[in-house]
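Residue numbers (the working numbering): 416 to 568. Cβ atoms here follow ideal geometry from the backbone N, Cα and C, with glycine treated the same way.
Set out below in structure tokens:
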């Protein structure tokens with residue numbers, strides 16, 4: 416399953432979600448069944464790494480991460496995704512304007528994950544992202560038996 420997490424600039428929330436989710440699927444022994452990336456709705460931060468306070472909160476919570484280059488989601492990425500998971504209503508509207516009302520686009524939570532770039536509250540963003548990623552893993556792991564049965568054919 417290919418999942419792309421999306422936020423405004425791809426330097427805070429979406430890479431945090433990418434690495435939190437990767438950590439959860441690895442812990443569950445399901446990393447072979449997921450491809451996880453992140454992207455932005457804008458090109459403002461193009462080429463930048465994860466924002467230092469976002470890296471710090473990942474480190475504090477023991478979430479491994481790698482160098483990251485922010486980028487705007489491409490048409491090819493969108494087409495190849497099984498799910499495109501956005502952080503807030505603004506991201507949702509931006510993707511729907513660009514790609515239409517595609518059912519693969521969904522919010523991470525039933526509320527916005529506040530942008531810590533503006534709130535400076537990376538800890539709350541982390542906890543919201545962790546909550547959403549745990550729920551997303553539970554929602555998506557139910558298809559793993561279907562994938563396994565298709566592989567055996």
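Which residues mark the beginning and the end of the beta strand (DSSP E) in which residue 500 is found? 498-501
Neighbourhood of residue 507 by C-beta, 7 Å cutoff - its chain only, sequence neighbours within 5 removed: 501, 520 and 522
So, helix, strand or coil for residue 427, using DSSP? coil
Residue interval of the beta strand (DSSP E) (run including residue 478): Segment: none, residue 478 is in no beta strand (DSSP E) and carries neither H nor E.
Quick check on this structure: which residue in 453, 472, 483 and 511 has the alpha carbon closest to the alpha carbon of residue 492? 453
At which residues does the beta strand (DSSP E) containing residue 452 begin and terminate? 450-455
Could you tell me the distance, in whole angstroms, from the CA atom of residue 475 to the CA atom of residue 466? 15 Å
Using only the alpha-carbon positions, how far apart do residue 567 and residue 449 sit? Since pLDDT at residue 567 reaches only 47, below the 50 mark, its modelled position is unreliable, and no value is offered.
Quick one: give me the first and last residue of the alpha helix (DSSP H) that residue 544 is part of. 537-556
Consult DSSP for residue 421 and reduce its assignment to one of helix, strand or coil. strand
Below 8 Å between beta carbons: does that hold for residue 424 and residue 455? yes
From 443, 509 and 445, pick the residue whose C-alpha is nearest to that of residue 487; which is it? 509
Return the residue from the list 426, 544 and 483 that minimises the CA-CA distance to residue 459. 426
Three-state class that DSSP yields for residue 513 in the structure shown: helix
Could you pull the DSSP bridge partners for residue 487 from this structure? 455
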